[in-house]
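Numbering (my numbering), first residue to last: 61 to 300.
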């Protein structure tokens, strides 16, 4: 059974401020929850409608009804389980290999998808501007499909970080060099910009290497690519 206090707590965790106060976030659905249970994230408590998590001690899980799950879920159609996890301390950024940097990404789905892309392409470090949507937003957690457990994400003053790094910095711009014709290194920082406005002017000033994904359509009228789609193409080319 879920208590009123538990319902109140879980509901409050949809807000970034409350996640920071309680140092907790929640994940939903068997796929995401299982990924996090077998990761370094520390389980606070698991609520499930089915007795399928036999490896979790009974003190850490509660069997609940579908009606109770609906009360605590952020989904229109709840999926079997919801788990509370502790938010870990942020790790220091390791400036080696390829890093991805996000400048003011606002859409939770985009951040979640980009995290999955980092996981797929072996990008272990993702740095985000402080304006970027919160990693532990329930929609972001769901969109990562468990990749949140395998990529180190750090929020920082992105402008200062880019200014002070010794790695080469690459940015995506409409007037950049054709990425398909450039020789790309194994180390560097790739900056992806805001969905509507692209990379901010102050960060643009610190970017030495301007890249673009050329348009091949006959009319050349497509305004831009979705940032997650563009990230997939960029990472693919760097890893080719």
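Each residue gets a CB set at the ideal place from its N, CA and C atoms; glycine is no exception.
What you are looking at is a predicted structure, and each value in this text was computed from that prediction instead of being measured.
query                                                                                                              : result
Own chain, CB closer than 7 Å to residue 130, minus 5 neighbours either side, in chain order                       : 138
Touching by the beta-carbon criterion (3+ pairs, under 8 Å), the stretch 68 to 83 and the stretch 108 to 125       : no
Outcome for residue 63 when other beta-carbon atoms lying within 10 angstroms are tallied against a minimum of 16  : exposed
Whole-number beta carbon distance between residue 230 and residue 208, since they are thought to touch under 8 Å   : Not a contact, Cβ separation roughly 25 Å.
contact_flag[the stretch 284 to 291, the stretch 159 to 176] where n(CB pairs < 8 Å) is 3 or more                  : yes
Short Cβ contact (8 Å threshold) for residue 301 with residue 181                                                  : This structure leaves residue 301 out entirely; the chain is present only between 61 and 300.
Those runs of the alpha helix (DSSP H) which lie wholly inside the stretch 193 to 236 and span at least 4 residues : 198 to 204 and 218 to 224
Sufficient close CB pairs (3 or more, under 8 Å) joining the stretch 221 to 236 to the stretch 251 to 271          : yes
Range of the contiguous alpha helix (DSSP H) that encloses residue 173                                             : 168 to 181
Same chain, Cβ closer than 6 Å to residue 296, five either side skipped, listed in chain order                     : none
Residue 122, DSSP secondary structure in three states                                                              : strand
Residue 98 classed as buried or exposed, judged by whether at least 16 other C-beta atoms fall within 10 angstroms : exposed
Backbone secondary structure at residue 311 - three-state DSSP                                                     : Outside the shown range of the chain, which is 61 to 300, sits residue 311, and nothing can be said about it.
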